[in-house]
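Scroll down for the structure; my scribbles are underneath it.
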DNA sequence: CGCAGACTGGAAAGCGTTTACCGTCATGCC
DNA sequence: GGCATGACGGTAAACGCTTTCCAGTCTGCG
């Protein structure tokens, strides 16, 4: 079913049919012909051919979203925000999940370029791998040179449009919250060290600690994968080696879920009586954990929405930044320090 | 950067360049020219134009996935499975989220048809709305007539390829598990009644109860939205009206999380001492709830993968069905019936 | 009445690929 | 040596749409 057939059925030219059905508003078509085309399209169940349109217009209505893992609630929330905004603009969202494989981000970005996506949102964290960052930057530059738009969620470089969540100050808030509850020996269950997000959160925590006059003990940081099991293992190791800790900051809620399980089931530690735990992100299930997880709330859906909005705006000459705040939510996993 | 430019740069014809870079194997190109084309492409950083290819080949490498909500872990897991399989086939996945708005599924299916998606996976549950089902069926038929492939996760109709999860027998398993723990007064927190998934789960529970010789009390079913709050509200209403219940089946884990919160915080009921709760789906956080949620495990990732595989196979003349089993996982939210 | 200008409809030139189809040339066989 | 046979390279016609011109028709106005 092609537009030409619709046109013939309606007894008009191809141009007219195009203007009626896909017209970009610049050109009007008379009442009579308009009706004829519309009913012909309806009758023949015409469905326009987006690839052909993309070719002719050299712009499409798909935006790409690259995440680490769709099943992770962190990315789920971001994706939901982005899709909600996409709907308003009648865009389709192509999601690619790298499953945390290093090269895949680059590969998918190329794929999205090939699709002539109008824009791409890089939702996963950047890394400290300079070579990879460089290659990615080149690919992004190439895409932008072709008229594509890119925004990152989380900082990746000064010359990119980004939606920055308050990872640093969030880390600080968490530490400060623990401090105010009387905790003086605070440890951190961290994620993969090469992730910028992790670095920033950790850095915020470190600075806050220093500002409060506490010594920074690098041995009180243990890292694991950004997964439940990673959190569990790291938390168990941390408290086995540093049993004197009374407060633990876990750098992401999924890990925190594992940490709670590990402290309880593997070490028999009561939370919050013996150890207080603070997570990060405030994913939907955080309040339902056992005990309800105190955590640093990040506006994930809002970040997804903001990213999509930003990616559609005309690129300013200067890179744009949207900053989103963090907020400490105290629930049942934190209490006054023991003793 | 077009293929023509690459060809010129390499000093070959457009056809040769196309064969080297995208060739479907039928035609070989000599060693020398092949190398010239490849290095020209590399040098010019050529990226092929997927819409143009889609137009010329009249088939694309994108598959669509329509879900209710990407942020829901149920769909997150399905999506993850589908994307993993998609990666093996070097396909891109376009995800559309309907946010449970009725007409949107149809709209997105049309959108995906317009994109000339090679295939579409309908992951959301069907409904009992006959008119909507009919319109959707027409759209699907149209798509298939154009050579598109569709598979549904969850039953929607006898003439569609489907990946069926054991909703009915899962409902039965849950009831039976409760029964074996001594529960005789069992209630159900149900989801939106128009969803087929809900109907099937409920139906399985009902049949199992009848098979066990228990009366079916329609008043012992309360439904709410398929959300945490929906589950909370329905559970609270259910146990307020039927305080004699000792076992509750909640038809999805997200609702179950809310139900646990409601029973504990709103009604002061101890789980499992006073009431046992069984959820459905076994989403990743189920084991971390408080208490750990007993639930009917469905192989969600596997369903996503199976759907993607199915959608790529040549359509058989007869509709294909993949059946996936359910399994009852007993954790801390269930115990022996009181008294 | 003649004409500028506004509207409206159509013809046709792309957009970047794929893929028949057609030469050309070397090879192997009788 | 003549000729069928492959292998390989190129030419050009689609693929379905958008959009620029161009032409024709109306309108209003001097």
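Chains as they are written, first to last, in this note's numbering: chain A, 1154 to 1492; chain Z, 1154 to 1492.
Glycine included, C-beta positions come from ideal geometry on N, C-alpha and C.
Note the first and the last residue of the continuous alpha helix (DSSP H) segment covering residue i.
i, result
"residue 1244(A)", "No alpha helix (DSSP H) contains residue 1244(A), which DSSP labels as neither H nor E."
"residue 1357(A)", "1349-1364"
"residue 1308(A)", "Where residue 1308(A) is concerned, there is no enclosing alpha helix (DSSP H), given that its DSSP letter is neither H nor E."
"residue 1161(A)", "1156-1163"
"residue 1322(Z)", "1320-1333"
"residue 1406(Z)", "1406-1414"
"residue 1343(Z)", "Here residue 1343(Z) belongs to no alpha helix (DSSP H); instead the beta strand (DSSP E) covers 1339-1343."
Under a Cβ-count criterion, where at least 16 other Cβ atoms within 10 Å of its own Cβ denotes burial, should residue i be classed as buried or exposed?
i, result
"residue 1283(Z)", "exposed"
"residue 1169(A)", "buried"
"residue 1369(Z)", "exposed"
"residue 1210(A)", "exposed"
"residue 1280(Z)", "buried"
"residue 1157(A)", "exposed"
"residue 1454(A)", "buried"
"residue 1489(Z)", "exposed"
"residue 1361(A)", "buried"
"residue 1242(A)", "exposed"
"residue 1346(Z)", "exposed"
"residue 1229(Z)", "buried"
"residue 1344(A)", "buried"
Nearest-angstrom Cα distance between residue i and residue j?
i, j, result
"residue 1359(A)", "residue 1203(Z)", "47 Å"
"residue 1465(A)", "residue 1246(Z)", "21 Å"
"residue 1495(Z)", "residue 1351(Z)", "A question about residue 1495(Z) goes unanswered here, because the residues of chain Z that appear run from 1154 up to 1492."
"residue 1253(Z)", "residue 1438(Z)", "22 Å"
"residue 1304(Z)", "residue 1175(A)", "30 Å"
"residue 1263(A)", "residue 1273(A)", "11 Å"
"residue 1394(A)", "residue 1195(Z)", "52 Å"
"residue 1162(A)", "residue 1189(A)", "9 Å"
"residue 1323(Z)", "residue 1449(Z)", "6 Å"
"residue 1483(A)", "residue 1215(Z)", "44 Å"
"residue 1160(A)", "residue 1208(A)", "20 Å"
"residue 1223(Z)", "residue 1236(A)", "9 Å"
"residue 1379(Z)", "residue 1276(Z)", "15 Å"
"residue 1238(Z)", "residue 1426(A)", "45 Å"
"residue 1468(Z)", "residue 1297(Z)", "10 Å"
"residue 1373(A)", "residue 1291(A)", "38 Å"
"residue 1233(Z)", "residue 1166(A)", "46 Å"
"residue 1261(A)", "residue 1332(Z)", "50 Å"
"residue 1400(A)", "residue 1420(A)", "15 Å"
"residue 1225(A)", "residue 1337(Z)", "38 Å"
"residue 1248(Z)", "residue 1463(Z)", "18 Å"
Would residue i and residue j qualify as a contact pair, given that the criterion is a beta-carbon distance under 7 Å?
i, j, result
"residue 1495(Z)", "residue 1431(Z)", "Any question about residue 1495(Z) goes unanswered here, given that chain Z covers just 1154 to 1492."
"residue 1310(A)", "residue 1265(A)", "no"
"residue 1187(A)", "residue 1180(A)", "no"
"residue 1271(A)", "residue 1212(A)", "yes"
"residue 1416(Z)", "residue 1388(Z)", "yes"
"residue 1405(A)", "residue 1353(A)", "no"
"residue 1375(A)", "residue 1411(A)", "no"
"residue 1231(A)", "residue 1457(A)", "yes"
"residue 1446(A)", "residue 1409(A)", "yes"
"residue 1472(Z)", "residue 1312(Z)", "yes"
"residue 1318(A)", "residue 1461(A)", "no"
"residue 1278(A)", "residue 1349(A)", "yes"
Kindly indicate the opening and closing residues of the beta strand (DSSP E) around residue i.
i, result
"residue 1379(Z)", "No beta strand (DSSP E) contains residue 1379(Z), which DSSP labels as neither H nor E."
"residue 1448(Z)", "1447-1450"
"residue 1216(A)", "1215-1220"
"residue 1274(A)", "1272-1275"
"residue 1400(A)", "1400-1403"
"residue 1475(A)", "1474-1477"
"residue 1470(Z)", "Per DSSP, residue 1470(Z) belongs to no beta strand (DSSP E) and is neither H nor E."
Chain-ordered residues of the stretch 1406-1422 of chain Z with a beta carbon less than 9 Å from chain A: 1407, 1410, 1411, 1413 and 1414
Of all the residues that make up the stretch 1209-1232 of chain A, which are near chain Z by a beta-carbon distance shorter than 8 Å? 1213, 1215, 1222, 1223, 1224, 1225, 1226, 1229, 1230 and 1232
Residues in the stretch 1360-1373 of chain Z with C-beta within 9 Å of chain A's C-beta atoms, listed in sequence order? none
At a Cβ cut of 8 Å, what residues of the stretch 1191-1205 of chain A count as close to chain Z, listed as they run along the chain? 1198, 1200, 1201, 1202, 1203, 1204 and 1205
Give me the subset of the stretch 1435-1447 of chain Z whose CB atoms are less than 9 Å from a CB atom of chain A, sorted by chain position. 1436, 1437, 1438, 1440, 1441, 1442, 1443, 1444 and 1445
What residues in the stretch 1255-1270 of chain Z bring their beta carbon closer than 9 Å to a beta carbon of chain A? 1257, 1261, 1263, 1264, 1265, 1266, 1267, 1268 and 1269
At a Cβ cut of 7 Å, what residues of the stretch 1283-1314 of chain A count as close to chain Z, listed as they run along the chain? 1295
Quick one: which residues of the stretch 1313-1338 of chain Z get their C-beta closer than 9 Å to a C-beta of chain A? List them in chain order. none
Using a Cβ cut-off of 7 Å, which residues of the stretch 1452-1471 of chain Z contact any Cβ in chain A, in chain order? none
Taking Cβ-Cβ distances below 7 Å as the criterion, which residues of the stretch 1472-1492 of chain Z are in contact with chain A? none
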